[in-house]
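All remarks here apply to the structure that follows.
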Amino acid sequence: MCGIVGYVGTRQAQQVVLQGLQRLEYRGYDSAGIAVYDATAGLQIERSVGKLHFLTDRLNGRTLAGQIGLGHTRWATHGAVTEANAHPHRDESGTIVVVQNGIVENYQELKERLIAAGHTFHSQTDTEVIAHLVGAYYRDTHDLTDAVQRTLHDLHGGNAVVAFSIHEPDKLVAARLGNAGGVVIGLGAGETLIASDIPAVLGYTHQLIFLEDGDIAVVSAEGVVLRNREGASIERLPTLVTWDTESAAKGDFDHFMQKEMYEQPRALMDVLRGRVDLEAGTLRLDDLLL
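Residue numbering for the sequence shown follows my numbering, starting at 247 and increasing by one per position.
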């Protein structure tokens, strides 16, 4: 499963996002990336193949200025392990970025529709299709939340998505569709975090909201506003989680070795996702380095 971290608040987002991704390294990944926005510096994106330290090496001591950002560690499904396929991905205009966990089962159909409408793609991923869909709907709605909501209705399969637009630089929009792993919102004092698992946020807050299937979360430094994918408001109280970071990473298991043993079926499914088509009876391994 991929790792997702988002942040908006008063701290420098780069440090928070990278630290969160480090706490999610146990999930496994083959590439990583980060996007940070600042009104002066603009939208800054860095991506790399390999472990997280290759991304920090790429940064070479630089700080991507900005107090809002999102990051991702990718486990390849659609597309080979390349820098071009690493997240975050941009929309056609280059002003919206998206990270995703899951798989878009109908991505080829959606991609062909977008290409016919004049879109140009720069990766092999299904995530870039999501970014282009959000961008296309944004041109109609001029509202990132509405654009994400409309995009969800196009997607088949389980997906967790976080989107950012430079035109709405004070918010992130997160959504969960189906069973694509968790999405947790961490509510801090003047800051809010998004993550695909609890350990990424525990250094900052223990007040958490867990997204359910069909939830959309509009995240700002002041907190979070929830709606469903039909646009209706949702009220959900935060949960107080008293675990420390290590306990959260281990979950209900006594130690990490036991956790790893019990997660082997999920690890196998992560490898097969996007490569096995059970309906067609086909197996695609062209992106594996065999």
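Each residue gets a CB set at the ideal place from its N, CA and C atoms; glycine is no exception.
So for residue i, helix, strand or coil by DSSP?
i, result
"GLY397", "One detail in the question is off: residue 397 reads as Thr in this sequence, not Gly. It is helical."
"ALA362", "helix"
"HIS335", "strand"
"ALA259", "helix"
"ILE412", "coil"
"LEU267", "helix"
"GLU292", "strand"
"ALA406", "strand"
"ILE349", "coil"
"VAL450", "Reading the sequence as shown, one finds Tyr at residue 450 and not Val. Three-state result, TYR450: coil."
"SER485", "For the sequence presented, residue 485 should be read as Thr rather than Ser. Looking at THR485 - three-state DSSP - the assignment turns out to be strand."
"ASP372", "helix"
"LEU457", "coil"
"LEU433", "strand"
"GLU355", "helix"
"GLU506", "helix"
"LEU535", "Caution is warranted here: a pLDDT of 45 is assigned to LEU535, below 50, making its placement in the model unreliable, and the coordinate value is therefore given only provisionally. Residue state, collapsed to three classes: coil."
Considering just the uninterrupted stretch of the beta strand (DSSP E) at residue i, what are its terminal residues?
i, result
"PHE300", "Run containing PHE300: none in the beta strand (DSSP E); it sits in the alpha helix (DSSP H), 298 to 305."
"HIS388", "Per DSSP, HIS388 belongs to no beta strand (DSSP E) and is neither H nor E."
"GLY315", "314 to 320"
"VAL473", "Reading off the sequence shown, one finds Arg at residue 473, where the question assumed Val. That run of the beta strand (DSSP E) goes 469 to 474."
"GLY279", "277 to 284"
"ALA421", "418 to 423"
"GLY249", "249 to 254"
"ALA441", "438 to 441"
Please tell me whether, using a cut-off of 8 Å, the distance from the CB of residue i to the nearest non-hydrogen atom of the ligand GTP is below it.
i, result
"LEU267", "Ligands are entirely absent from the displayed structure, and the ligand GTP is therefore not among its contents."
Tell me, please, which residues DSSP counts as bridged to residue i.
i, result
"LEU379", "Paired residue(s): none; LEU379 is not in a bridge."
"SER466", "GLY469"
"ILE480", "LEU472"
"ILE342", "SER411"
Return the Cβ separation of residue i and residue j in integer angstroms, given the expectation that the two are a contact with Cβ distance under 8 Å.
i, j, result
"HIS318", "GLY288", "Not confirmed; about 20 Å, so no contact."
"ALA377", "VAL343", "7 Å"
"VAL263", "GLY315", "5 Å"
"SER442", "ALA406", "6 Å"
"VAL375", "ILE250", "In fact, because the Cβ distance is near 17 Å, the residues do not count as touching under 8 Å."
"GLU458", "GLY403", "Actually they do not touch by this definition, with Cβ atoms about 17 Å apart."
"GLY539", "VAL419", "Past the boundaries of the shown model lies residue 539; the chain is included only from 247 to 536, so the question cannot be answered."
"ASP284", "GLY312", "4 Å"
"ASN347", "GLY469", "Actually they are not in contact, since the Cβ atoms of ASN347 and GLY469 sit about 23 Å apart, beyond 8 Å."
"ASP400", "LEU423", "About 10 Å; that fails the 8 Å criterion."
"THR438", "GLY255", "7 Å"
"LEU298", "GLU271", "6 Å"
"ALA332", "VAL295", "7 Å"
"ILE440", "GLY252", "4 Å"
From the beta carbon of residue i, is the nearest beta carbon of chain C less than 9 Å away?
i, result
"ILE440", "Among the protein chains of the structure shown there is no chain C, as only one such chain exists."
Inset, instruction - State whether the segment 286 to 305 contacts the segment 457 to 469, with contact taken as three or more CB pairs (one from each stretch) at a distance under 8 Å. - result: Cβ pair count under 8 Å is below three, so no.
Legend entry - Contact between the segment 348 to 367 and the segment 388 to 395 (3+ Cβ pairs under 8 Å): Result no; under three Cβ-Cβ pairs closer than 8 Å.
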